[in-house]
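Under full-length UniProt numbering, the letters of the sequence shown match residues 1 to 121, in that order. Backbone N, C-alpha and C define an ideal beta-carbon position, used for all residues, glycine too.
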Amino acid sequence: MNYSSLLKELLSTTLTQKASDLHISVGHPPVLRIGGRLVFLVRRKEISPEDSKGLAFELMTEKQQEGFLKNKEIDFSYNFEGKARFRVNVFYQRGDISSALRLIPAKIPTVEELNLPPDFT
1 MNYSSLLKEL
11 LSTTLTQKAS
21 DLHISVGHPP
31 VLRIGGRLVF
41 LVRRKEISPE
51 DSKGLAFELM
61 TEKQQEGFLK
71 NKEIDFSYNF
81 EGKARFRVNV
91 FYQRGDISSA
101 LRLIPAKIPT
111 VEELNLPPDF
121 T
């Protein structure tokens, strides 16, 4: 399987659907978090252990892969084609590799946009 193109498709879908997170875990299709709700990408097949590992390793540098194999988890940032940045957590879940990618907003929201009370600042 071409993990580079699959990863590109999944991250592009994450952006076009305005999702905050992408979850990749074995036994389920990829999942987006949109407006706080989990949305399964049902047109995608369930992720196999090999595909989950392939996608995770596609995100990582060789040094990060070594660190992950040693520590069984890793956190890092990933720049997607200059379009967006993601905070990535790769970890073991039930003996298989899983990944959680959170979109890092390019613009920091204002107090008003966050609907915080004026006295919060």
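Quick check on the DSSP output: the beta strand (DSSP E) that includes residue i runs from which residue to which?
i    : result
F120 : From DSSP, F120 is part of no beta strand (DSSP E); its letter is neither H nor E.
S98  : D96 to I104
State buried or exposed for residue i, treating a residue as buried only when at least 16 other CB atoms are found within 10 Å of its CB.
i           : result
residue 124 : This structure gives no information on residue 124, because the portion of the chain shown stretches from 1 to 121.
F68         : buried
L114        : exposed
I108        : exposed
F86         : buried
Per DSSP, residue i forms a beta bridge with which residues?
i           : result
A56         : Bridge partners of A56: none, in fact.
H23         : V31 and A100
L38         : R33
residue 122 : Because residue 122 is not part of the residues shown, which for the chain are 1 to 121, the question remains open.
Taking the alpha helix (DSSP H) that residue i belongs to, which residues open and close that run?
i   : result
Q93 : No alpha helix (DSSP H) holds Q93; the beta strand (DSSP E) holding it covers A84 to Q93.
Is residue i helix, strand or coil by DSSP?
i   : result
N71 : helix
S77 : strand
L15 : helix
L7  : helix
E62 : helix
Give me the Cβ distance between residue i and residue j, rounded to the nearest whole Å; I'm assuming they're in contact under 8 Å.
i   : j   : result
P49 : V26 : 5 Å
I97 : V90 : 6 Å
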